[in-house]
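Peer 1: Sharing a structure below in structure tokens format, with a few things to ask.
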Amino acid sequence: MKKTNFIVENGVFSNNVMGTNIAELAKVKKSAEELLHTLKRRGADETVIYRQQEVCNSATKQYEDSVEAEKQAQENFGNAFVTFKVVDDETGVVSDVQKKIAFVKNNRPIDSKKVDKFIHIISTDKYEKAYPIIVIDAKYLIELGYTVYDMKGKELSLEEAENYFVILDGQHRGTAFAKLIAAGENYEIPNVHVRNVENVGEYLVDINGTGTSWSNKDRLVIAALTTEGHKELFTNIAALINEGFNPSTSAIIYTGKKLSKRLIDTALKGENITLPKDANVDIQRGERFITLCKAANISITFITKRYFIDGFNCHAESIGEEEAFKALEAMQNLQLTDEMLKDIKDEKHFIGLLKEAAKTI
Numbered sequence: 006m007k008k009t010n011f012i013v014e015n016g017v018f019s020n021n022v023m024g025t026n027i028a029e030l031a032k033v034k035k036s037a038e039e040l041l042h043t044l045k046r047r048g049a050d051e052t053v054i055y056r057q058q059e060v061c062n063s064a065t066k067q068y069e070d071s072v073e074a075e076k077q078a079q080e081n082f083g084n085a086f087v088t089f090k091v092v093d094d095e096t097g098v099v100s101d102v103q104k105k106i107a108f109v110k111n112n113r114p115i116d117s118k119k120v121d122k123f124i125h126i127i128s129t130d131k132y133e134k135a136y137p138i139i140v141i142d143a144k145y146l147i148e149l150g151y152t153v154y155d156m157k158g159k160e161l162s163l164e165e166a167e168n169y170f171v172i173l174d175g176q177h178r179g180t181a182f183a184k185l186i187a188a189g190e191n192y193e194i195p196n197v198h199v200r201n202v203e204n205v206g207e208y209l210v211d212i213n214g215t216g217t218s219w220s221n222k223d224r225l226v227i228a229a230l231t232t233e234g235h236k237e238l239f240t241n242i243a244a245l246i247n248e249g250f251n252p253s254t255s256a257i258i259y260t261g262k263k264l265s266k267r268l269i270d271t272a273l274k275g276e277n278i279t280l281p282k283d284a285n286v287d288i289q290r291g292e293r294f295i296t297l298c299k300a301a302n303i304s305i306t307f308i309t310k311r312y313f314i315d316g317f318n319c320h321a322e323s324i325g326e327e328e329a330f331k332a333l334e335a336m337q338n339l340q341l342t343d344e345m346l347k348d349i350k351d352e353k354h355f356i357g358l359l360k361e362a363a364k365t366i
């Protein structure tokens, strides 16, 4: 099997020349061009200029080849059939099954850093094949009423699902394999086991030791699959988390209160939950807050800071809901920048910004 040195940076992967990434190649290309320009300006010997031109040509080709390789890898990602080495649990017989990879809505979010680590492990032939990957037929899941997406985030129809396995456990490893395959490498996913379970959330909790190894982010997202009560709340919290919001802030945006670990554990077990005292589930209000923040050029990086929603809620209690929302909408008049938003350190600062915005109405 061909092994290539893969460079991973910020979730981007590519089979680059000399094992260097695109950013580094761009720097090499720029330096070579600047030196060539300097040599010409100083009237250097023609032989020296000719040799430096060759260096420039080589650097340009390496850079362009890398850019094209990454472009092709991005286009191929998730489109190719993958060979799953499926193990029959009764006989131990291994069969090659050709499928594409998909995910069920509200499974654990993909952490690009974990994927990057697996890319390195796999490409250096250090992957431990003893660890199983658990999959389920995508068509079966959709027929049960679950929402299934391909690796690029497109929801799959029942007809399309015939060609897909949904990875329930092993998402990061599966994604790493898919990225390597998209980059032109020949890999198979070993030790795959098919489970056609009806309650996906319950199954994920069981096989992960009741979620003890999960982060709070993972737990809240999976709760959208397991909980019977307040399903809409957990589904919307999961959507915010997948968008980049902090878990506790997501809960406050929709309920006004944090959700305790005990409450989330109860939801993970599929049992009825009791929300904190004075919590009020209002999805529409939360969406309105987020939309108006974004309209005022406040990015998720800032909206997810707890004191933004805490400040807004405090101000709403003081002057009333509609007046507070009018002030939030008027923030568009302040032409906010990231530098201005970085100066906001607590909820009092945000309330001050709301008051300043209200003066522009």
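Throughout, the numbering used here is defined as the position within the sequence shown, counted from one, plus 5. For every residue, glycine included, the Cβ atom is placed at its ideal position computed from N, Cα and C. Remember, it's a predicted structure, so these values are computed and weren't measured experimentally.
Nearest-angstrom Cα distance between L44 and I54?
Peer 2: 6 Å
Peer 1: Keeping to the same chain, check which residues put their C-beta closer than 6 Å to that of L268; ignore five residues upstream and five downstream.
Peer 2: Hits under 6 Å: I278.
Peer 1: Shortest alpha-carbon distance to K360 belongs to which of Q176, K331, R311?
Peer 2: K331
Peer 1: Let me make sure I understand the geometry here. Which of N168, G179, D315, F307 has the alpha-carbon closest to that of Y136?
Peer 2: G179
Peer 1: Secondary structure at E14, three-state DSSP: helix, strand or coil?
Peer 2: Confidence at E14 is low in this model, with a pLDDT of 35, below 50, so its placement is unreliable and the value that follows should be read with caution. It is a strand residue.
Peer 1: In the segment 126 to 197, which residue ranges form an unbroken beta strand (DSSP E) of at least 3 residues, counting only runs that do not cross its ends?
Peer 2: 138 to 142, 153 to 155, 169 to 174
Peer 1: I'd like the list of long-range same chain contacts for N247, defined as Cβ closer than 8 Å, with 5 residues on each side in sequence excluded.
Peer 2: P114, V226
Peer 1: From A362 to I295, what distance separates their C-alpha atoms?
Peer 2: Their backbone Cα atoms lie some 17 Å apart in a straight line.
Peer 1: Going by DSSP, name the residue or residues bridged to F313.
Peer 2: According to DSSP, F313 bridges with nothing at all.
Peer 1: Going residue by residue through the segment 210 to 294, where are the continuous beta strand (DSSP E) segments of at least 3 residues, counting only ones entirely within it?
Peer 2: none
Peer 1: Check for me: the beta strand (DSSP E) holding S100 runs from which residue to which?
Peer 2: 99 to 109
Peer 1: Could you tell me which residues DSSP puts in a beta bridge with T88?
Peer 2: Q103, E193
Peer 1: Which residues bound the alpha helix (DSSP H) around T43?
Peer 2: 27 to 46
Peer 1: Could you have a look at V53 and say whether DSSP puts it in helix, strand or coil?
Peer 2: helix
Peer 1: Does DSSP put V199 in a helix, a strand or coil?
Peer 2: strand
Peer 1: Can you give me the start and stop residues for the alpha helix (DSSP H) that E95 sits inside?
Peer 2: Unbroken run through E95: none, as it is neither H nor E.
Peer 1: Between the beta-carbon of E160 and the beta-carbon of T152, is there less than 9 Å?
Peer 2: yes
Peer 1: Got a sec? Which residues, its chain only, sit under 7 Å from P272 by beta carbon, not counting five neighbours each side?
Peer 2: Sequence inspection shows Ala at residue 272; the Pro mentioned does not correspond to that position. Counting only Cβ-Cβ distances below 7 Å, and skipping sequence neighbours, we find A228, T231, T232, F239, I278.
Peer 1: Compare the beta carbon distance of G316 and I356 with 9 Å and say whether it is the shorter of the two.
Peer 2: yes
Peer 1: If we count the other Cβ atoms within 10 Å of its Cβ and call it buried at 16 or more, is Q176 buried or exposed?
Peer 2: buried
Peer 1: What would DSSP say about A74, mapped onto helix, strand or coil?
Peer 2: helix
Peer 1: Do three or more CB pairs link the segment 86 to 101 to the segment 115 to 124 at distances below 8 Å?
Peer 2: No: fewer than three Cβ pairs fall under 8 Å.
Peer 1: Alpha carbon to alpha carbon, what distance is there between L264 and H235?
Peer 2: When rounded, the distance between both Cα atoms is 12 Å.
Peer 1: Can you check which of these residues, G206, A49, N302, N201, is closest to M345 by C-alpha distance?
Peer 2: N302
Peer 1: What is the rounded straight-line gap between the Cα of T215 and the Cα of I349?
Peer 2: With a pLDDT of 48 at T215, under the threshold of 50, the predicted position of this residue should be treated as unreliable, though the coordinate-derived value follows. Going from the Cα of T215 to the Cα of I349 covers about 38 Å.
Peer 1: Among I258, R290, T309, V199, which residue has its Cα nearest to the Cα of E327?
Peer 2: R290
Peer 1: Taking 8 Å as the threshold, find out whether the segment 184 to 199 comes into contact with the segment 85 to 93 through three or more Cβ pairs.
Peer 2: yes
Peer 1: In angstroms with no decimal places, state the Cα-to-Cα distance between A78 and K184.
Peer 2: Taking the CA atoms as reference points, A78 sits about 7 Å from K184.
Peer 1: So, under 8 Å CB-CB, Y68 and F108 are touching, yes? Tell me the CB distance rounded to an integer number of Å.
Peer 2: Wrong, their Cβ atoms sit about 34 Å apart, outside the cutoff.
Peer 1: DSSP on T365, reduced to helix/strand/coil?
Peer 2: coil
Peer 1: Please tell me whether D142 and F170 are closer than 9 Å, where the distance is taken between their beta carbons.
Peer 2: yes
Peer 1: Return the chain-ordered list of same chain residues with a C-beta closer than 8 Å to the C-beta of V33, the five sequence neighbours on each side being excluded.
Peer 2: Here the set comprises T25, A64, Q67, Y68.
Peer 1: Do T260 and A284 have their C-beta atoms closer together than 9 Å?
Peer 2: yes
Peer 1: One question on the structure: do L30 and V60 come within less than 9 Å of each other, judged by their Cβ atoms?
Peer 2: no
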